[in-house]
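A short write-up of the structure that comes next.
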Amino acid sequence: MSVTVADLLNSCALPNLEKQMLLQYVLQVPRIWLITHDKDVLATEQIDAFQTLAQKRLNGCPMAYLLGEREFYSLSFKVNESVLIPRPETEELVALSLQYLQGIAGSQTFHFPLIPQALQGRSLTAPRVLDLGTGSGVLAVCIKKHFPSAQVTAVDISDRALQVAKENATRHHCDISFVQSNWLDEIGDQKFDLIVSNPPYLAPQDEHLMQGDLRFEPQQALTDFVDGLQPYRHILERVRQHLFVPHAAVLFEHGWEQAESIRKLFEQYGFLAPNIGTLRDLAGRDRITGGVMLD
Numbered sequence: 006m007s008v009t010v011a012d013l014l015n016s017c018a019l020p021n022l023e024k025q026m027l028l029q030y031v032l033q034v035p036r037i038w039l040i041t042h043d044k045d046v047l048a049t050e051q052i053d054a055f056q057t058l059a060q061k062r063l064n065g066c067p068m069a070y071l072l073g074e075r076e077f078y079s080l081s082f083k084v085n086e087s088v089l090i091p092r093p094e095t096e097e098l099v100a101l102s103l104q105y106l107q108g109i110a111g112s113q114t115f116h117f118p119l120i121p122q123a124l125q126g127r128s129l130t131a132p133r134v135l136d137l138g139t140g141s142g143v144l145a146v147c148i149k150k151h152f153p154s155a156q157v158t159a160v161d162i163s164d165r166a167l168q169v170a171k172e173n174a175t176r177h178h179c180d181i182s183f184v185q186s187n188w189l190d191e192i193g194d195q196k197f198d199l200i201v202s203n204p205p206y207l208a209p210q211d212e213h214l215m216q217g218d219l220r221f222e223p224q225q226a227l228t229d230f231v232d233g234l235q236p237y238r239h240i241l242e243r244v245r246q247h248l249f250v251p252h253a254a255v256l257f258e259h260g261w262e263q264a265e266s267i268r269k270l271f272e273q274y275g276f277l278a279p280n281i282g283t284l285r286d287l288a289g290r291d292r293i294t295g296g297v298m299l300d
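Residue numbers (the numbering used here): 6 to 300.
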């Protein structure tokens with residue numbers, strides 16, 4: 006029995022947009038093609054490929070993994086099961102990083118009041134940036150893409166994640182240095198103007214790990230298997246030796262209930278309270294905490 010485009014879509018229980026996206030992916034056609042060719046008969050292998058993807062989606066597999074792509078900061082990135090799926094809230098970390106590199110003293114809700122006057126209103130000429138736990142490389146690539154003079158180094162402990170990040174850097178023509186390392190362990194004596202990180206910040210007992218997309222994402226990129234704060238401790242206890250002072254900054258993404266704990270960690274490891282701040286995401290939740298090392 007012949008199966009047309011319309012037949013296949015009508016037989017699928019997924020929401021219209023999702024099933025259309027999956028069939029577009031299988032056939033490698035634009036959405037309008039599905040409408041104008043709805044009576045076209047499909048080959049058996051095309052039907053099988055679509056039904057396999059549709060069943061995975063019905064079982065909860067994220068669309069980003071099925072399609073192998075996710076848009077982030079207006080760029081398209083490759084993703085697979087080796088890396089986290091980029092979230093919109095992480096775009097705030099990119100934006101703040103770029104603001105800092107441009108010498109802007111924070112935003113309306115996040116202030117670095119003691120940035121040296123020489124930095125205010127101008128860009129650093131060739132800042133050195135370190136992205137710790139790069140995953141798919143979205144932070145490193147976006148910073149490099151929008152601040153081309155930056156010398157960007159991206160670190161991850163997972164060789165599979167680094168492979169994805171390298172492919173994304175190549176896709177967007179970004180010259181980035183990649184290092185396989187457990188946080189700062191393999192960085193040597195390098196120093197940086199800005200260190201950014203979106204580390205695993207969920208506690209192992211967090212109920213969200215068993216919900217939605219998180220069920221399919223790499224657990225080591227979601228939780229530290231301790232208390233959700235261990236990566237911040239590990240980085241901050243050693244970060245001073247890797248910062249150019251008196252202007253270097255460290256910016257972290259974190260869970261919405263962790264801001265106070267992370268601010269205390271910044272103070273514990275030598276950052277002064279006036280130079281530490283927290284930025285809320287678009288939902289009004291504390292999401293990014295950072296500090297500037299001035300001396």
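Every residue, glycine too, gets a C-beta built ideally from N, C-alpha and C. Note that the structure is a prediction, hence the values are computed from the model and not measured.
- Output the boundary residues of the alpha helix (DSSP H) element that contains M298. Where M298 is concerned, there is no enclosing alpha helix (DSSP H), although the beta strand (DSSP E) it sits in stretches over D291 to M298.
| query | Any contact of the region 82–95 with the region 160–170, i.e. 3+ C-beta pairs under 8 Å? | reply | yes
Handout entry: Alpha carbon of Q107 to alpha carbon of L234, nearest angstrom
Key = 29 Å
* Asked: If you check the beta carbons only, do I267 and T228 fall under 7 Å apart?
  -> no
Exposed or buried, which one is V201 when buried takes at least 16 other CB atoms within 10 Å? buried
>> Taking its Cβ as the centre, do 16 or more other Cβ atoms sit within 10 Å of A18, making it buried, or is it exposed?
In response: exposed
Can you list, in chain order, the residues of its chain with a C-beta nearer than 6 Å to that of N203? Leave out the 5 residues immediately preceding and following it. T95 and E258
So, do the region 98–105 and the region 51–68 have three or more beta carbon pairs nearer to each other than 8 Å?
no
* Asked: Where does T175 land, buried or exposed, given buried means 16+ other C-beta within 10 angstroms?
  -> exposed
- Taking all protein chains shown into account, do 16 or more other C-beta atoms lie within 10 angstroms of the C-beta of G289, making it buried, or fewer, making it exposed? exposed
Alpha carbon of A145 to alpha carbon of N173, nearest angstrom
10 Å
Which value, in whole angstroms, describes the spacing of the CA atoms of E50 and Q33?
14 Å
Nearest to Q224 by alpha carbon, out of D232, L207, H239 and I240? L207
Task: R133 - partner residues in DSSP beta bridges - done: Q156
Q. Which partner residues does G108 have in the DSSP bridge list?
A. G108 pairs with nothing; no bridge assigned.
query = When burial is assigned at 16 or more other CB atoms within 10 Å of the CB, is Q263 buried or exposed?
reply = buried
Taking all protein chains shown into account, decide if T130 is buried (16 or more other Cβ within 10 angstroms of its Cβ) or exposed. exposed
Practice task
Work out the CA separation of I162 and S186 for me, nearest whole Å.
Solution key: 5 Å
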